[in-house]
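Before any comments, here is the structure.
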Amino acid sequence: MAFRTLGTLITAVVNSVPAALEALPEALQSELARLVPQLQARGGPLPPASADPQLARARLQDATVQLLTAAAQQQPLVILIDDLQWCDEATRAALHDVAAQLSALRAAVLLLFTVRSEALPDEALRAWIARLHRALPTRPCRLGNLDAGGVRQWLTGLVPEAAVEPLRRWLEARTDGQPLFIVEALRSLRDERVLVSAGAAGFTLDLNALHSTRALPAGIQAAVQGRLDRLTASARSVVLAAAVLGRDEPLPVLAGVAQLSEDLALDALDETLAAGVLVERAGGCGFTHDRFREVALAGLSGARTQAWHRRAVQVLEGAGAERAVLAHHAHVAALWPAAVRYDLAAARSAAALSANHDVIRHLERALDALQRHPLTVADLSAEALFELHDRLNVAYDNTDDQHPRRRAVLQAMQALGQDRRDARLEVRALTELAVMHAWTPGELPLARQALDRAGALAQADPGPRLRTWVATAHFHVAARTGPVEAQLRHAEDAHHAALPTQDDALIGTCLVNLAFAKGGVRDWPGAIAAGLDAAGRLLQSQDRVAAQRSLVTVAYGHAATGDLAASVAVARQAAHVCRELGAAQLELAALRPLLSGLSATGSLGDLPAPLQRAEHLLQERDDPTFQTLCRLDVAVARHALGQRPAAEALYREVEAFHAAHGLPHFTDLAPAGLCALAVEAGRWDAAASQAQRLLERLEVAALPGAVCTIDAVVLALMHRGARHEAQRLVERLQAGTAPPAQVLAALAEATFLAATGAPPAALDRFSSVAQVAQQLGRPFEVLRAERSLAALHQHLHQPDEASRALQRAGRVHADLLVRWDGLVPPGSHPFRPSPMEQWLRVNLPLEPLTPTGQQRPSSGGTAR
Numbered sequence: 027m028a029f030r031t032l033g034t035l036i037t038a039v040v041n042s043v044p045a046a047l048e049a050l051p052e053a054l055q056s057e058l059a060r061l062v063p064q065l066q067a068r069g070g071p072l073p074p075a076s077a078d079p080q081l082a083r084a085r086l087q088d089a090t091v092q093l094l095t096a097a098a099q100q101q102p103l104v105i106l107i108d109d110l111q112w113c114d115e116a117t118r119a120a121l122h123d124v125a126a127q128l129s130a131l132r133a134a135v136l137l138l139f140t141v142r143s144e145a146l147p148d149e150a151l152r153a154w155i156a157r158l159h160r161a162l163p164t165r166p167c168r169l170g171n172l173d174a175g176g177v178r179q180w181l182t183g184l185v186p187e188a189a190v191e192p193l194r195r196w197l198e199a200r201t202d203g204q205p206l207f208i209v210e211a212l213r214s215l216r217d218e219r220v221l222v223s224a225g226a227a228g229f230t231l232d233l234n235a236l237h238s239t240r241a242l243p244a245g246i247q248a249a250v251q252g253r254l255d256r257l258t259a260s261a262r263s264v265v266l267a268a269a270v271l272g273r274d275e276p277l278p279v280l281a282g283v284a285q286l287s288e289d290l291a292l293d294a295l296d297e298t299l300a301a302g303v304l305v306e307r308a309g310g311c312g313f314t315h316d317r318f319r320e321v322a323l324a325g326l327s328g329a330r331t332q333a334w335h336r337r338a339v340q341v342l343e344g345a346g347a348e349r350a351v352l353a354h355h356a357h358v359a360a361l362w363p364a365a366v367r368y369d370l371a372a373a374r375s376a377a378a379l380s381a382n383h384d385v386i387r388h389l390e391r392a393l394d395a396l397q398r399h400p401l402t403v404a405d406l407s408a409e410a411l412f413e414l415h416d417r418l419n420v421a422y423d424n425t426d427d428q429h430p431r432r433r434a435v436l437q438a439m440q441a442l443g444q445d446r447r448d449a450r451l452e453v454r455a456l457t458e459l460a461v462m463h464a465w466t467p468g469e470l471p472l473a474r475q476a477l478d479r480a481g482a483l484a485q486a487d488p489g490p491r492l493r494t495w496v497a498t499a500h501f502h503v504a505a506r507t508g509p510v511e512a513q514l515r516h517a518e519d520a521h522h523a524a525l526p527t528q529d530d531a532l533i534g535t536c537l538v539n540l541a542f543a544k545g546g547v548r549d550w551p552g553a554i555a556a557g558l559d560a561a562g563r564l565l566q567s568q569d570r571v572a573a574q575r576s577l578v579t580v581a582y583g584h585a586a587t588g589d590l591a592a593s594v595a596v597a598r599q600a601a602h603v604c605r606e607l608g609a610a611q612l613e614l615a616a617l618r619p620l621l622s623g624l625s626a627t628g629s630l631g632d633l634p635a636p637l638q639r640a641e642h643l644l645q646e647r648d649d650p651t652f653q654t655l656c657r658l659d660v661a662v663a664r665h666a667l668g669q670r671p672a673a674e675a676l677y678r679e680v681e682a683f684h685a686a687h688g689l690p691h692f693t694d695l696a697p698a699g700l701c702a703l704a705v706e707a708g709r710w711d712a713a714a715s716q717a718q719r720l721l722e723r724l725e726v727a728a729l730p731g732a733v734c735t736i737d738a739v740v741l742a743l744m745h746r747g748a749r750h751e752a753q754r755l756v757e758r759l760q761a762g763t764a765p766p767a768q769v770l771a772a773l774a775e776a777t778f779l780a781a782t783g784a785p786p787a788a789l790d791r792f793s794s795v796a797q798v799a800q801q802l803g804r805p806f807e808v809l810r811a812e813r814s815l816a817a818l819h820q821h822l823h824q825p826d827e828a829s830r831a832l833q834r835a836g837r838v839h840a841d842l843l844v845r846w847d848g849l850v851p852p853g854s855h856p857f858r859p860s861p862m863e864q865w866l867r868v869n870l871p872l873e874p875l876t877p878t879g880q881q882r883p884s885s886g887g888t889a890r
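In this text, residue positions in the sequence shown follow the working numbering: the first is 27, and each later residue adds one.
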């Protein structure tokens, strides 16, 4: 009915401001009563209506303007005309004229018009809005969806405060803040008694019922379905095509999947745009809201769903779509051979970007399709089958070498190789399984069985790859169980076997192992060179993750040759890249030399962040051997930070694991750390026991790496009276040639000389240790050497020299304290007397040394 909106407006104003009507002349009241009959009772009989429709409309508009002006004089008015698109043209024209007159009268009236965006293509409506812009001061405002704050404000007061946030999250996940959908969702919750009226207090919310409520409330589904049902058949086809494609696509793709001509598709698109179902964006056409897609797909049967996705595969293949997109549609369409090939191609692209989690997702889906539809295997080449299994295994290794599904995939790969009599499949699976067995406690016999079988198969194959895999597996098993010389031999065999392949990825992997093996025999320059060569080849073959594995060895090599700054820089960069790539295991491996380097250089302000990250990653590991080795580095870092109880607990965890299963390397660090902690606490018997344990480890291990604790070990042995063992340890250390090893040997020798009654010689050696350690940037060794010098000078009644040594130690001490600011836990202190000071106080009649070099009065203690 014409002017219905105007009649509703007049009624609302009269009910809100009754005095406004009474202020009008009776003639104007009568004009209003023609549109709103309820007003007739307020005045007398209506005068005859004008025979001229335009004059009648003018009188009505004038009466309306006078009413609104009178009401605005009583109080400012805000008038909302909602859904203007549903008003007829006569009503819109009257509203335009009323608004213009109110503006000319400067009445205190704010007019708000709302129009749905899907109605804007209507030419008549657009013309009306344009006229309004020209005639009046207007301000257009596009209303979007409510943000989290808006939804929260809506719900506040509607439900109890504790229920606001859970209900907001539930609504946001289903409505994206669309007000109409929110209303429909709340209405559905009320109908299902999830929301129960509590009178003036609003509503109560049943949280348990909320979480079990359907994903798409019936009210929203009905509202969306109603809008879709109003579309023509062609428009619904375009909507279904967009729903099946699942992402914005250009119109030709939509038309192809919908099987529409270009003209029909254009008309259909215009219709869906006008209805607010689809929208044009830079990437193509897509839904204005995900709910439209959900409802559209819900109406498809299983057979129709497959048919639509088959069309999508055909159209997208011709359009050159990404293989990952084609793989998705092929799987839904049950095109299994094509689905596997697309997934393999998508995994290849993801691997080039080091996106290992995407590689795993694609190949696990492809493998699942092969297992559920075994006839598909016959449609794939032997090369494709090998690549699928091998690439998945490599992706597992790059993210977590003990991935929970890795073993099952390798076993399936082995079984497939046996069934197809494909030695390459079987040998690759057996060698990888052998490495997993070797690093799993209790499975070493299985590792040897797998290696024996792989070796027999490789002998029958003349190609170099199989021999490379077998030699590489032997290296990894030797790294877990055998001497370093065996590791080097197997690494060299693998490298030589790989060279004829001219495959950078394979050669680079072998060089990674060769670098590790060279480090094991203390050929650190060779380890660095091999590691850098490996990194270059692996980066060339786009394997960024494996390249970081080689750089970890390079970091250790720099540390061993005395370049701690380079070691820290390489390790930090490798850890950063691994974190970017999601390679948690390798990130943890890179954090190990980073923690060691920061601890050794006294860069303690930089320690907390990588330490916290390492401890977080440790919680996610389920490989007990690697986890224990990493825990050892965390213990050393905690020790360096002066957090002695935490360090001791970690050292003891490492020792307990080693006692039960055995560690492959770094077995000296835990007893060395425990020995130093015991000396610091004055528990010399306990320290001697740990020192003896360290000596036993050195019979089968390489040179000890716990540089800053070696003086404690020597003195603990001397406390027990094991002079010959202490001397043998010193001689063993003197075989080292790298600068850090020389510092280690000199510190041990100086300590031994002082403890055996040769202080002058000890003074020279401690002085040398301080100088070399200063050059290498190792402040802890400098501090230990200077404080030991001070103690010895005092023992020799040389107070001036003792004071100078103590002042030098004090400067190092002060610098470290600055770095420690805020890191030392309450009740703890990072610096305690050096082991030599502890020894002299216990074993010689020596008094504590004051900072000035003067002796304090004796406390009456007796020497041991």
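Glycine included, C-beta positions come from ideal geometry on N, C-alpha and C.
State the Cα-Cα distance for the pair residue i and residue j, rounded to the nearest angstrom.
i: Asp603; j: Gln574; result: Rather than Asp, the amino acid found at residue 603 in this sequence is Val. Straight-line Cα distance between these residues: approximately 8 Å.
i: Thr37; j: Gly309; result: 49 Å
i: His684; j: Ala586; result: 24 Å
i: Ala421; j: Arg387; result: 10 Å
i: Leu128; j: Ala84; result: 14 Å
i: Val739; j: His584; result: 26 Å
i: Leu151; j: Arg330; result: 40 Å
i: Ala350; j: Gly534; result: 29 Å
i: Pro186; j: Asn424; result: 49 Å
i: Ala610; j: Leu436; result: 21 Å
i: Ala284; j: Leu411; result: 35 Å
i: Gly489; j: Asp569; result: 24 Å
i: Asn234; j: Pro192; result: 11 Å
i: Glu606; j: His642; result: 16 Å
Tell me whether residue i sits in a helix, a strand or coil according to DSSP, three-state version.
i: Glu275; result: strand
i: Glu288; result: helix
i: Thr763; result: coil
i: Thr239; result: coil
i: Phe229; result: strand
i: Leu136; result: strand
i: Thr182; result: strand
i: Ser223; result: strand
i: Thr466; result: coil
i: Glu348; result: coil
i: Gly608; result: coil
i: Val250; result: helix
i: Phe792; result: helix
Check whether the Cβ of residue i lies closer than 7 Å to any Cβ atom in chain B.
i: Val453; result: Absent here is chain B; the protein component of the structure consists of one chain.
Is the distance from the Cβ of residue i to the Cβ of residue j below 7 Å?
i: Thr494; j: Ala541; result: no
i: Ala524; j: Leu514; result: no
i: Val547; j: Ser576; result: no
i: Ala338; j: His357; result: no
i: Ala477; j: His463; result: A small fix is needed here, since residue 477 is Leu in this sequence, not Ala. Not closer than 7 Å, so no.
i: Glu92; j: Val43; result: Checking the sequence, you will find Gln at residue 92 rather than Glu. Contact: no.
i: Ala480; j: Leu456; result: yes
i: Ala553; j: Gly545; result: yes
i: Leu370; j: Leu299; result: no
i: Ala742; j: Ala698; result: no
Residues bridged to residue i by DSSP?
i: Glu306; result: Cys311
i: Val104; result: Leu136
Worksheet item: Would you say the segment 214-230 touches the segment 168-178, given that touching needs at least three Cβ pairs under 8 Å?
Response: no
Practice prompt. Answer yes if the segment 267-274 comes into contact with the segment 296-315, meaning at least three C-beta pairs across the two stretches below 8 Å, and no otherwise.
Written response: yes
Discussion item. With a threshold of 8 Å, are at least 3 pairs of Cβ atoms found where one atom belongs to the segment 46-62 and the other to the segment 111-129?
Written reply: no
Worksheet item: Three or more beta-carbon pairs under 8 Å between the segment 400-414 and the segment 619-631, yes or no?
Response: no
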